[in-house]
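All residue numbers for the sequence shown refer to full-length UniProt numbering, where the first residue is 3 and numbers rise by one. Glycine included, C-beta positions come from ideal geometry on N, C-alpha and C. Remember, it's a predicted structure, so these values are computed and weren't measured experimentally. Beneath this line is the structure, given in structure tokens, with notes to follow.
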Amino acid sequence: EWSDSERSTIASVWGKINVDEIGPQALARVLIVYPWTQRYFGAFGNLSSATHGRTVLNALDKAVKNLDNIKGTYSELSQLHCDKLNVDPDNFRLLADCLTIVVASAFGSALSPAVQATWQKFLSVVVAALSSRYF
Ligand code: HEM
3 EWSDSERSTI ASVWGKINVD EIGPQALARV LIVYPWTQRY FGAFGNLSSA
53 THGRTVLNAL DKAVKNLDNI KGTYSELSQL HCDKLNVDPD NFRLLADCLT
103 IVVASAFGSA LSPAVQATWQ KFLSVVVAAL SSRYF
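Here's what the structure looks like:
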């Protein structure tokens, strides 16, 4: 499914991401641009959402390390977001898009169109995996 060049591109982008900065920034952007997502983060939205931003990026590490089984890697996480957290799965794509925007602003010209296309392909597989237990 993944070519060698895609594998090395994903690993290289991931290696340059500062989880503690990019994670909270991406989640903050989701909450501002799509305010209905604030309902998932309760009264202390800002606090717990910054934590979740970091949590999400730490969880992405598992996908980067299991490129050939992203669906299996996220099976339980998908079920948790569906059954326990009741997160609408459309939100996964919104977060993935905000993450790409934040990564693009942080990387500047280091994120060439080809690199960005591979990164977005990776995130679309992640989004599909997180949605897989909803159906
Ligand atoms: C919890 C990952 C997207 C809402 C979690 C946890 C992980 C995670 C690892 C902790 C699970 C545990 O405690 O066992 C991800 C990943 C995402 C994603 C990888 C997408 C790439 C979202 C989105 C929302 C959301 C889009 C809502 C808009 C929550 C909430 C919790 C949670 C409310 C529980 C509170 C917390 O831990 O902050 N998520 N998540 N998640 N997720 Fe997500």
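Our two residues, Ala13 and Asp6, have alpha carbons roughly 11 Å apart in a direct line.
Exclusion of the five residues before and after Asn71 leaves no residue of its chain whose Cβ lies closer than 6 Å to its Cβ. Where Ala112 is concerned, there is no enclosing alpha helix (DSSP H), because DSSP gives it neither an H nor an E. When DSSP states are grouped into helix, strand and coil, Gly44 belongs to the coil group. At a Cβ-Cβ threshold of 8 Å, Phe124 and Lys18 do not count as neighbours.
When the alpha-carbon of Ala61 is set against those of Gly44, Arg135, Ser80, the nearest one is in Ser80. Closest in alpha carbon position to Pro115, among Thr11, Arg135, Trp4, is Thr11. Classified as exposed, Arg41 has fewer than 16 neighbouring CB atoms from the shown chains inside 10 Å of its CB. The C-beta separation of Ala65 from Val117 comes to about 17 Å, leaving the pair out of contact by the 8 Å criterion. When distances are taken from the beta-carbon of Ser50 to the heavy atoms of the ligand HEM, the shortest one is below 7 Å. When the Cα atoms are used, Val35 and Glu78 turn out to be separated by approximately 28 Å.
DSSP places Pro26 inside the alpha helix (DSSP H), whose first and last residues are 21-35.
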